[in-house]
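Data block below; observations after.
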Amino acid sequence: ATADDGSGALRRWKRRELLRIAARDLLGAADLPVVARELAALAEVCICRSLELIAPDVRLGIIAMGKLGGRELNYASDVDVLFLHEGDGAVAERAARAVLTTMSEPTADGIVFRTDADLRPEGRSGPLSRTLDAYAAYYERWAQPWEFQALLKARPVAGDGDLGGRFLELVQPVVWPEVLDPDAVRSVRAMKARAEGEMHRRGLTDREVKRGRGGIRDIEFAVQLLQLVHGRHDPSVRSPTTLDALAQLAAGGYIESDEAAQLDDAYRFLRTR
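Below, the structure is given as structure tokens:
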């Protein structure tokens, strides 16, 4: 019951919910996986409400990527999404841009969540929303291996559920191909090496908790690479959540149990410091 367009009320509600989650976290009433899931759920509800506020009648699907897709969001995480539509592309583009604005634009009540669609095909140079056919053409002809790796965490979170489900059906064969191209693995490793080189150039190799040596990204990368290799023929190791996937890989015999336990401990330590 506010005089604004609803976005102010959404921001204030988000702040109250964030306080509730943080209080339980600081009091030790919730551990890392629970806090991460609750933050992701909070972001998901906010995205749904943003779409309802600005374009309730537009047939738009919103796909979560990254830590939102993996239900492992942290307090400082950006929210990564993809948009897909049927019908008028210009209308969908405006609706998608309005969702991003509602989520990210700062006001006196703060922001909802920093939200972007930079993981979409062609990044910031590409259209903000695409049809399923356009996604299919891109992933078949032009996508890079790292983009298939990113799709490990894709899941529908808002908008048209049928569109979201069809998107998942579309990307499954490219994420889990029958034959894994060795060049794809080399490409992913080369990208990781470039990122490590940048950390070294900036003198952050031993200081960056997220991207430095032995950091959060190292663990996530190792888990995802094992998933890409073994998940093609074993659906039981396809969880988009890092700690769940790590446990699945250990249960499947793809990693030693003691190594999985060490990585689990390290990941929890790094994510809570």
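Numbering-wise, the sequence shown is residues 1365 to 1637 according to our numbering. Using N, Cα and C, we set each Cβ at its ideal position, and we do this for glycine too.
1. Going by Cα to Cα distance, which pick from Arg1401, Gly1523, Pro1541, Thr1479 is closest to Tyr1503?
2. If I follow the unbroken alpha helix (DSSP H) through Pro1520, where does it start and stop?
3. First and last residue of the alpha helix (DSSP H) that includes Asp1389?
4. Check for me: the beta strand (DSSP E) holding Ala1428 runs from which residue to which?
5. Hey, quick one: how far does the beta strand (DSSP E) through Val1443 stretch, first residue to last?
6. Could you tell me the boundaries of the alpha helix (DSSP H) in which Ala1624 lies?
7. Going by CA-CA distance only, name the one from Gly1451, Lys1431, Gln1513, Ala1514 that's closest to Val1399.
8. Whole angstroms are fine: how far does the CA of Val1601 sit from the CA of Gln1612?
9. Excluding the 5 residues preceding and the 5 following Arg1637 in the sequence, name in chain order all residues of the same chain whose CB lies nearer than 8 Å to its CB.
10. Go ahead and label Ala1367 buried or exposed: buried means 16 or more other beta carbons lie within 10 angstroms of its beta carbon, across all protein chains shown.
11. If contacts are defined as beta-carbon pairs under 8 Å, then Leu1448 and Ser1493 qualify, I think. What distance do you get, rounded to the angstrom?
12. Report, in whole angstroms, the separation of the C-beta atoms of Val1587 and Ala1609, which I expect to be a contact under 8 Å.
13. What is the DSSP secondary structure of Ser1603, counted as helix, strand or coil?
14. Tell me Arg1494's beta-bridge partners as DSSP assigns them.
15. Going by other Cβ atoms of all chains shown within 10 Å of its Cβ, with 16 needed for buried, is Asp1509 buried or exposed?
According to the structure data:
1. In the sequence shown, residue 1503 corresponds to position 139, counting from 1. The shortest Cα separation from Tyr1503 among Arg1401, Gly1523, Pro1541, Thr1479 belongs to Pro1541.
2. Working through the sequence shown from its first residue, we reach residue 1520 at position 156. No alpha helix (DSSP H) holds Pro1520; the beta strand (DSSP E) holding it covers 1519–1523.
3. Counting from 1 along the sequence shown, the entry for residue 1389 is found at position 25. Looking at the DSSP string, the run of the alpha helix (DSSP H) that includes Asp1389 is 1371–1390.
4. Taking the first residue of the sequence shown as 1, we reach residue 1428 at position 64. First-last of the beta strand (DSSP E) with Ala1428: 1424–1429.
5. Mapped onto the sequence shown, residue 1443 falls at position 79. 1443–1449 is the span of the beta strand (DSSP E), which, as asked, contains Val1443.
6. Within the sequence shown, residue 1624 is the residue found at index 260, counting from 1. Taken as a continuous stretch (DSSP letters only), the alpha helix (DSSP H) holding Ala1624 covers 1621–1635.
7. Here residue 1399 refers to the residue found at position 35 when the sequence shown is read from its first residue. Among Gly1451, Lys1431, Gln1513, Ala1514, the Cα nearest to that of Val1399 belongs to Lys1431.
8. As a working mapping, residue 1612 is identified with position 248 in the sequence shown. As a working mapping, residue 1601 is identified with position 237 in the sequence shown. Computed Cα separation, rounded: 5 Å.
9. Sequence index remark: in the sequence shown, residue 1637 carries index 273 (1-based). Counting only Cβ-Cβ distances below 8 Å, and skipping sequence neighbours, we find Val1573.
10. Within the sequence shown, numbered from 1, the residue matching residue 1367 stands at position 3. Note on Ala1367: pLDDT 49, under 50, position unreliable in the model; the coordinate value appears next. Its Cβ having fewer than 16 others within 10 Å, Ala1367 is exposed.
11. Locating residue 1448 in the sequence shown gives position 84, counting from the first residue. Locating residue 1493 in the sequence shown gives position 129, counting from the first residue. Sure, about 6 Å apart at Cβ, within 8 Å.
12. Locating residue 1587 in the sequence shown gives position 223, counting from the first residue. Locating residue 1609 in the sequence shown gives position 245, counting from the first residue. The pair is a contact, with the Cβ atoms about 5 Å apart (cut-off 8 Å).
13. Locating residue 1603 in the sequence shown gives position 239, counting from the first residue. It is coil, neither helix nor strand.
14. Residue 1494 sits at position 130 when you count from the first residue of the sequence shown. For Arg1494, which the question treats as bridged, DSSP gives the partners Leu1448.
15. Numbered from its first residue, the sequence shown carries residue 1509 at position 145. What sits at residue 1509 in the sequence shown is Pro, not Asp. By the 10 Å Cβ count, Pro1509 comes out buried.
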